[in-house]
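In this note's numbering, the protein residues as written are 5 to 203.
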């Protein structure tokens, strides 16, 4: 499969679709700037765009985007509950979510979108939901899925909420990380096989 390059919106260079990034943040303003531009560019590029919100409603996300200068086409944009998306039936099962990503990519292309991108607020995993201890296993395996189903993804981790051990593991399973609004190749990244062998 030949992957096209996509404009992430918040950096000048393009990246291959299917790029898997983590945004580990302590500054809400920085996060909002990165995410609003990332979503905006997807909407402008006729990509299917989905946002998995932990607590905010769709109306709040749409209002936030409009305040950031984003022209929202609600047909292109889905704002979904992170908890319901990752944990249908009240449980997190990585294999189910991986299949959801595959189906999301296939459906987006079938509907005529050029590509698709997602971003999720990951602190749903701190709610002691059954299976949430498998989050990093899931994040590692996502990298294999994105080879054949290249959904561009930004996973948001609030460093004020997650402990240091989780943040270190987060770095090990994302090939790219967003630092000070820049996307850099992650020197801590491990292949899914290597990471799962150690954990």
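We put the CB at the ideal spot given by N, CA and C, even for glycine.
Using the beta-carbon count (16 or more within 10 Å), is residue i buried or exposed?
i, result
"residue 173", "buried"
"residue 182", "buried"
"residue 87", "buried"
"residue 92", "exposed"
"residue 203", "exposed"
"residue 124", "buried"
What residue from the options has the CA that sits closest to residue i's CA?
i, options, result
"residue 176", "26, 98 and 36", "26"
"residue 37", "23, 58 and 14", "14"
"residue 154", "83, 108 and 43", "108"
"residue 89", "23, 126, 185 and 190", "126"
"residue 66", "83, 198, 58 and 24", "83"
"residue 105", "184, 133, 165 and 22", "22"
"residue 71", "131, 138 and 39", "39"
"residue 133", "101, 96 and 115", "96"
"residue 19", "179, 191, 194 and 198", "179"
"residue 44", "31, 136 and 74", "74"
"residue 59", "157, 169, 158 and 128", "128"
In its own chain, which residues sit with a C-beta less than 8 Å from the C-beta of residue i, not counting the 5 before and 5 after it?
i, result
"residue 171", "28, 161 and 163"
"residue 80", "46, 47, 50, 51, 52, 53 and 117"
"residue 196", "144, 145, 147, 148 and 177"
"residue 110", "153"
"residue 17", "187"
"residue 8", "20, 21, 118 and 119"
DSSP on residue i, reduced to helix/strand/coil?
i, result
"residue 73", "coil"
"residue 18", "strand"
"residue 155", "coil"
"residue 140", "helix"
"residue 145", "helix"
"residue 195", "coil"
"residue 31", "coil"
"residue 9", "strand"
"residue 188", "strand"
Once you ignore the five residues that flank residue i on each side, which residues in its own chain have a CB closer than 7 Å to its CB?
i, result
"residue 41", "13 and 14"
"residue 200", "141 and 144"
Is residue i near the ligand ATP - that is, is its Cβ less than 8 Å away from at least one heavy atom of it?
i, result
"residue 53", "As far as ligands go, the structure on display features none, and thus does not contain the ligand ATP."
Spatial neighbours of residue i within its chain, please: CB distance less than 6 Å, with the 5 preceding and 5 following residues excluded, ordered by chain position.
i, result
"residue 136", "96 and 129"
Curious, which full-length alpha helix (DSSP H) runs of at least 4 residues does the stretch 157 to 182 contain?
168 to 177
Pick out the complete beta strand (DSSP E) segments inside the stretch 46 to 128, 3 residues or longer, and give them in chain order.
52 to 57, 81 to 85 and 120 to 125
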